[in-house]
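In my numbering, the protein residues as written are 286 to 1256.
Using N, Cα and C, we set each Cβ at its ideal position, and we do this for glycine too.
Note that the structure is a prediction, hence the values are computed from the model and not measured.
This report concerns only the one structure given below.
This is the structure we're talking about:
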């Protein structure tokens, strides 16, 4: 630093200057000259002109030296970059924004085809983007740019799923209002997305937290309420007494709160529910017509879980063994196994349990219920966990055989599924079998696969077969010898005739719990009259019902939601009756705003309706919807449910919201190499560690690792095999790659290209920072091919090195093969192979002496969906004054796609000796000359005389030799 070179304490530099050398090249240069000027001023004032002149020369020399060092560093940095992306990318991002290049007009020419491509909009977390996020965004951007250039009206918007738990938790911890945090996070996400050159129409940006948006979320809720699809019911929630609040499922880990580790219990609470089960059949049937991944459709089918079976009633016996008025209804998909039901199981929360439990067992049942209340539904139904239960002390009569069977209580049965009770058939259900063995309950086999005696079974048999041990003269039911399917029908017929049950279609799908005891969510537009407690919907004219401002977001401690603290907001008057009322203080779940946002993008500024009918009819449905497979069930299912309701009331014109869904793969963090150690701290090979059991592990830097065959080993000791694995990116693992860093070093186009080049779009891939250097070099080669080599200072001349001459046939073939491949691969979302085709073209182009303008311009248009910044810059340098965003995408000419060369078989004396490559229509003499000069064929011809040649164009060349020793070609 200049000041410190004076070695005078009085001239310590101001704090700003201490960090100036970490700035950009521009900042370093500015600091150097500013520091010199400051030193001169301070020196003269402190020492006087004479003294100062003695040291000023050394300062000037130092300043000059430092400035030249900075310039030299800039020159080296410029040379190190494959091309000047740091100048190109900001320039074109400004151009697009200032010229509204990607703006989709409100009124488009509806005679043109449309293409609506949408990303699953993100939750703006405080962590910002990591390199996994742009994978899907880059793919949709390539599709959007491609379709624009093909003449489509393209709708490609972006917005924010901004209500959510993390912002509220942060507010509780810091006192910062969630809107402040969320708005700040949105600004960061927006900045990161813009830096990657995505062609979103930012004028359509929406956020679920804005009242102008959630007004219509509330309006949809009111339509559900009108149609009986929204109702209230008592349901169990995660209640934490220590925190005094209801917790979301993701906030509960192993029965305790994630924050603080406090015990959590299941507590009944009145909640809003949406009746999604009313649409179960339609949600199931309409899956068949969707162009979605089969795995996603199958997940939705399983989640809906339609099954046909029977509801059967088991009469509870009193203490004297006589039938009481209490009856337990069970649902079963296997009525054919009813004779094998040796016990019943009730959920701990079953409504009949308290009325039938015996006095002796009451204490144990209550203790068990208390333990079960601390578990989540997922924990209770986990297949791997050990089954637990308690005997109720009561019995019920099996209606099929008249036998008394015990009634047990077990948490693997849920009160929210089916009837909350099951008939347990331990011979034919794995879960029931484990339970029966543990508690010594009888097991009776009633189905056999091949007429095998049931007594031969040791393990449960869950399949269908022939029925055995299933006859009762008392009940007049005999199904022995029947197939499972026929037996099931006969049992249902018998049950309906004797009033013991009925045929029933059931669904795994449960109605949707649609309330959260949280502040940061959409207010539910309902109030409750003080005098009667009746729920009253808010008139639509009063929407939106906005969130009140709160300073205290902490839980109330009573189970009441935080909104109950907004006393003046909670107390209200019903606008229709004028009666005093209290507002609903629960809020909607985060899913609400994301159920319909794709519709709002069609008409984001409409204050009179959710979406204009004409705009919806033109843009619906979404043509391509891209997002993670983790949303395969809930988000997509909820969106389909709301869409079908809106279809029924005439708001939308299509039965389904998304025509095609694509799940991008996951980008895993870079491979981590782990070495195992023995108890003495010595390295041992991974296969040795596997035999010894769990061992200590140490992470090994990549530079100390090498590959040996199929495995990775230590460089210094190849006998030590390492464990190599890649994990999903997460802050806790420390393997998150920030895209900002990649853009700074390699540019946005390199990042976009690399993410598409890593492998098939739908597959999971492992991030490798060194891998991005390959595509960066490709872009650099493309740049130098068109612009020319850099000058000695690292800069580039203006313009390009292309020529205006006519292209050769070979050049046209290379181009049109590339056009054909890139077009086909973008259409098929096989982006990696499209990039390979462009790389092949550039390799071929480097062999040409000249590069015709018509060839290069077409290639730049091909490149533009993938690397838009570079393409725009090259287009401009090629003499065009406007953006290439709406230029026509090149079309392949079939004439240049055919191979003009063929492989011609060559025979010598009728025996195949090899092949040559010839042009179609090649003359006989030309074909013979090529054969004569071919290294493999010439040895058969040299020094020999030719008797005759048989040539069939395009088919074969046969050379017949004679016995004269005359050299070829001497005639």
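Residue i (DSSP reduced to helix, strand or coil)
| i | result |
| --- | --- |
| residue 675 | strand |
| residue 1045 | coil |
| residue 1022 | coil |
| residue 1180 | helix |
| residue 959 | strand |
| residue 702 | coil |
| residue 448 | coil |
| residue 844 | coil |
| residue 977 | helix |
| residue 797 | strand |
| residue 1233 | strand |
| residue 730 | coil |
| residue 618 | coil |
Boundaries of the beta strand (DSSP E) in which residue i is found, first to last residue
| i | result |
| --- | --- |
| residue 1014 | Note, residue 1014: premise wrong, no beta strand (DSSP E); not H, not E. |
| residue 280 | There is simply no residue 280 to check, as the chain begins at 286 and stops at 1256 in what is shown. |
| residue 1103 | That residue, residue 1103, is in no beta strand (DSSP E); its alpha helix (DSSP H) goes 1094–1112. |
| residue 866 | 865–868 |
Residue range of the alpha helix (DSSP H) that includes residue i
| i | result |
| --- | --- |
| residue 964 | It is not in any alpha helix (DSSP H) - residue 964 carries neither H nor E in the DSSP assignment. |
| residue 477 | 463–480 |
| residue 1059 | 1057–1072 |
| residue 1272 | The structure shown does not extend to residue 1272, since the chain is modelled only from 286 through 1256, so no value can be given for it. |
| residue 982 | Per DSSP, residue 982 belongs to no alpha helix (DSSP H); it is in the beta strand (DSSP E), 981–985. |
| residue 375 | 370–383 |
Buried versus exposed, by CB contacts within 10 Å (16 or more), residue i
| i | result |
| --- | --- |
| residue 960 | buried |
| residue 466 | buried |
| residue 287 | Residue confidence is low: residue 287 scores 35 on pLDDT, short of 50, so the model does not pin down where it sits. Its coordinate-derived value is still stated next. With 16 or more other Cβ atoms within 10 Å, it is buried. |
| residue 1131 | exposed |
| residue 460 | exposed |
| residue 1197 | exposed |
| residue 1188 | exposed |
| residue 412 | exposed |
| residue 1010 | exposed |
Nearest to residue i (by Cα), restricted to the options the options
| i | options | result |
| --- | --- | --- |
| residue 441 | 637, 722, 886 | 886 |
| residue 500 | 487, 975, 892, 980 | 892 |
| residue 1153 | 396, 416, 423 | 423 |
| residue 468 | 452, 459, 517, 457 | 452 |
| residue 393 | 900, 1234, 985 | 900 |
| residue 791 | 1004, 1088, 430, 588 | 588 |
| residue 414 | 1232, 454, 476 | 476 |
| residue 553 | 518, 1048, 1051, 957 | 518 |
| residue 804 | 837, 506, 861 | 837 |
| residue 895 | 687, 497, 1140 | 497 |
| residue 1201 | 1160, 1171, 1241, 1143 | 1241 |
Spatial distance of residue i from residue j (CA atoms)
| i | j | result |
| --- | --- | --- |
| residue 839 | residue 636 | 34 angstroms |
| residue 1190 | residue 1245 | 14 angstroms |
| residue 438 | residue 1167 | 19 angstroms |
| residue 907 | residue 559 | 25 angstroms |
| residue 372 | residue 1079 | 13 angstroms |
| residue 1042 | residue 1063 | 12 angstroms |
| residue 876 | residue 585 | 17 angstroms |
| residue 406 | residue 1019 | 25 angstroms |
| residue 538 | residue 550 | 12 angstroms |
| residue 1136 | residue 1066 | 14 angstroms |
| residue 755 | residue 621 | 9 angstroms |
| residue 990 | residue 997 | 7 angstroms |
| residue 956 | residue 567 | 45 angstroms |
| residue 1163 | residue 1084 | 6 angstroms |
| residue 806 | residue 385 | 33 angstroms |
| residue 449 | residue 825 | 25 angstroms |
| residue 231 | residue 770 | With the chain represented from 286 up to 1256, any question about residue 231 goes unanswered, as that position is not in the structure. |
| residue 811 | residue 1046 | 45 angstroms |
| residue 1123 | residue 514 | 54 angstroms |
| residue 1169 | residue 1000 | 50 angstroms |
Cβ-heavy atom distance, residue i to the ligand ZN, below 7 angstroms
| i | result |
| --- | --- |
| residue 610 | Ligands are entirely absent from the displayed structure, and the ligand ZN is therefore not among its contents. |
Neighbour flag for residue i against chain B, beta carbons, 8 angstroms
| i | result |
| --- | --- |
| residue 1009 | Absent here is chain B; the protein component of the structure consists of one chain. |
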